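Student: The opening residue of the sequence shown carries number 23 in my numbering; numbering runs sequentially from there. Heads up, the beta-carbon is just placed ideally off N, CA and C, and yes, glycines get one too. From a predicted model like this one, the values you see are computed outputs, not experimental measurements.
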Amino acid sequence: MTSPSSPLPIGIVGLNFGRCVLEYLQREPAARFFKLAAVCDLDAAKVAEFSSRYGVTGHTSLEALLADPDIPVVGLFTGPAGRAGLLRQIIRAGKDVMTTKPFEVKPDAARAVLDEARFLGRVIHLNAPAPALTPAFEKIREWVSVHDLGRPVFARGEITAAYREQADGSWYDDPVRCPVAPIFRLGIYLIQDLVRLFGPVASVQVQHTRLFTRRPTPDNAQLGLTFANGALGSIFASFCVDNGQHYANALLLHYERGTIQLNLDPAPYGKASATSRLRLISQRDQQVVTEDWSCPGSSGAYQWEELHRAIHVRDVASMPIDEIMQGIAIIQAMTRAEKSSATESVST
C-alpha cells in the first residue's frame, strides 16, 4: 500500500478527450498525486501511439486493464452514454475512479452506480460537480453571509468558445446523445455551479440555433432556469464567440441586497479560465461598496488532490451525489424542452 503522500498509479480509459488528461498528469498538481501507469481504448492505433509516447502499458479492453492489481485508480473519459455500466465494472474490480462531465444521461443508472460505490466503499469523483468547493465559491458563500446579501434573486452564466466543427459521426452529432449541444458539452459546468450556489431547479426552458456548425446539433444555446426557491436564471453557451475569453465560466449573481460577479472582466487571451476573478457590489448608507478578490484556477477543474485524499481515508461521503443527480435531472428536463419548445419540470 502506498503512503498517503505517494502518487497512486492510474490507468486512463478513453483516448479522445483522455489524451488531454494524459498531459494534465505530467504537470502539477496532478503529477504530485497520480502517476500514469496504463492507457486503454478500443482503437488499437491510439493505444499504440499513447502507450509508446508515455512509456506505459496499453490495453484495448477495459477488462484487461482492470485485471492489473497494480493499478488502484482508473480515469474514465469515454462519452456519457453508458458510463454507469463502465463505472460499475471498475468499482466491482476494487478500483476508485476519476471521471468527467456529463456524468451519465440516465438518472436511474447514475443513482444505482453511485449508491453501489458508496456501499462498496469506492470513491467516484468528477470535475462537475467537483467534490469540494473551489476557493472562489468559498469566497462567494463568505460574502453572502458576511455582507448579509439575503435571498438569491437571479443568476446568469456564460461560457463561450470558437469552434467551426464538421460532422464526424460521433456522439456530438446526435441530438439524443448530445441534447442542446453547447449546454450539454460546456454549459454543464454552469448548471452544476448554479445548483451549488442557488439550489435545486424546478423547471427549464430552451432556445438554440445553428450559426456556423456543420453538425446537425446546435452551436448556440440558452437555458432558462426557475429555481425551487423562486430565483430565476439563465445559462448561455456557445461555440460561436471568438473574443479571447474562452471557457471563462462567467457568473452574474444577484441577491436581495447585493451582486457578485465572477470572471465578467476580461482576462489576457486564452487565460480566462486560469483564474477566478470576483467582484462584490453592495451598498452601505446609500453608498456603493465594491470589493475585489481573485485566485488561480476555476470551477470545472479536476481535483486530483481531493481524490487522492478521499482514496486514502475512504471518504465515500466526498461524492456529491445529490448535486450530481440534480444536474442529471436538469439535463433530462432540458432534453424534453428541446423537443417540446415548452417549459419542462425538473423531476428528482
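For T121, which residues does DSSP report across the bridge?
Tutor: DSSP output for T121 lists L98 as bridge partner(s).
Student: Please return the same chain residues whose Cβ sits closer than 7 Å to the Cβ of Y277, not counting the five positions on each side in sequence.
Tutor: The residues are V166, L171, G172, R173, P174 and V175.
Student: Determine the direct distance from the alpha carbon of E50 to that of G40, and round the result to whole angstroms.
Tutor: Distance between the alpha carbons of G40 and E50: 17 Å.
Student: T82 and L98: beta carbons closer than 8 Å?
Tutor: Going by C-beta atoms, T82 is not nearer than 8 Å to L98.
Student: Spatial neighbours of A294 within its chain, please: C-beta separation below 7 Å, excluding the five flanking residues on both sides.
Tutor: So the list reads Q267, H268, Y269, A270 and N285, once near-sequence residues are dropped.
Student: Report the residue from V198, F258, G349 and C262 whose alpha carbon sits nearest the alpha carbon of E360.
Tutor: Looking at the Cα atoms, V198 is the closest of the given residues.
Student: I'd like the list of long-range same chain contacts for T121, defined as Cβ closer than 6 Å, with 5 residues on each side in sequence excluded.
Tutor: Cβ neighbours of T121 beyond the five flanking positions: L98 and L148.
Student: Sort L219, D287, T370 and A89 by Cα distance to G255 and report the nearest one.
Tutor: Of the candidates L219, D287, T370 and A89, the one whose C-alpha sits nearest the C-alpha of G255 is L219.
Student: Residue ranges of each beta strand (DSSP E) run of no fewer than 3 residues wholly in the region 239-267, ordered along the chain?
Tutor: Those beta strand (DSSP E) runs which fall completely within the region 239-267 and span 3+ residues are 242-249 and 254-260.
Student: Return helix, strand or coil for K161, following the three-state DSSP convention.
Tutor: Three-state DSSP puts K161 in a helix.
Student: Helix, strand or coil for F55 per DSSP?
Tutor: Reduced to three states, the DSSP call for F55 is helix.
Student: In terms of residues, what are the limits of the alpha helix (DSSP H) holding G143?
Tutor: Here G143 belongs to no alpha helix (DSSP H), and DSSP marks it neither H nor E.
Student: Distance, Cα to Cα, F72 vs L88?
Tutor: Their backbone Cα atoms lie some 18 Å apart in a straight line.
Student: I need the straight-line Cα distance from R105 to S363, nearest angstrom please.
Tutor: Their backbone Cα atoms lie some 28 Å apart in a straight line.
Student: Label A355 either buried or exposed according to how many other C-beta atoms from any shown protein chain fall within 10 Å of its C-beta, with 16 as the threshold for buried.
Tutor: Its Cβ being crowded by 16 or more others within 10 Å, A355 is buried.
Student: CA-CA distance, Q348 and R236?
Tutor: Looking at the two C-alpha atoms, the distance is approximately 32 Å.
Student: Does the region 319-327 come into contact with the region 289-307, if we say contact requires no fewer than three beta-carbon pairs (one atom in each stretch) closer than 8 Å?
Tutor: Flag = yes, the region 319-327 and the region 289-307 touch.
Student: Kindly provide the ranges of any beta strand (DSSP E) runs that are 3 or more residues long and lie completely inside the region 304-360, ordered along the chain.
Tutor: The region 304-360 contains these whole beta strand (DSSP E) runs: 309-318.
Student: When the distance is taken between beta carbons, is R140 closer than 8 Å to V310?
Tutor: Against a cut-off of 8 Å, the Cβ pair of R140 and V310 comes out as no contact.
Student: I need the boundaries of the beta strand (DSSP E) containing E180, first residue and last residue.
Tutor: Note, E180: beta strand (DSSP E), P174 to T182.
Student: At the level of alpha carbons, what is the spacing between Q227 and Y194?
Tutor: Looking at the two C-alpha atoms, the distance is approximately 21 Å.
Student: Evaluate S260 with the Cβ neighbour count: other Cβ atoms within 10 Å of its Cβ, from every protein chain shown; 16 or more gives buried, anything less gives exposed.
Tutor: Classification for S260: buried.
Student: With distances taken from CA atoms, which of P222, D130 and I113 is nearest L247?
Tutor: Closest option to L247, Cα to Cα, is P222.
Student: Kindly list the residues whose CB is nearer than 6 Å to the CB of D314, restricted to its own chain and excluding five residues on each side of it in sequence; keep chain order.
Tutor: Excluding sequence neighbours, D314 sits near R301.
Student: Are A70 and G80 closer than 8 Å when you measure CB to CB?
Tutor: For A70 and G80, yes; Cβs fall inside 8 Å.
Student: Please say whether Q325 and A183 have beta carbons closer to each other than 8 Å?
Tutor: No, these two residues do not count as a Cβ contact at 8 Å.
Student: By a C-beta neighbour count over all protein chains shown, 10 Å radius and 16 as the cutoff for buried, is I303 buried or exposed?
Tutor: Classification for I303: exposed.
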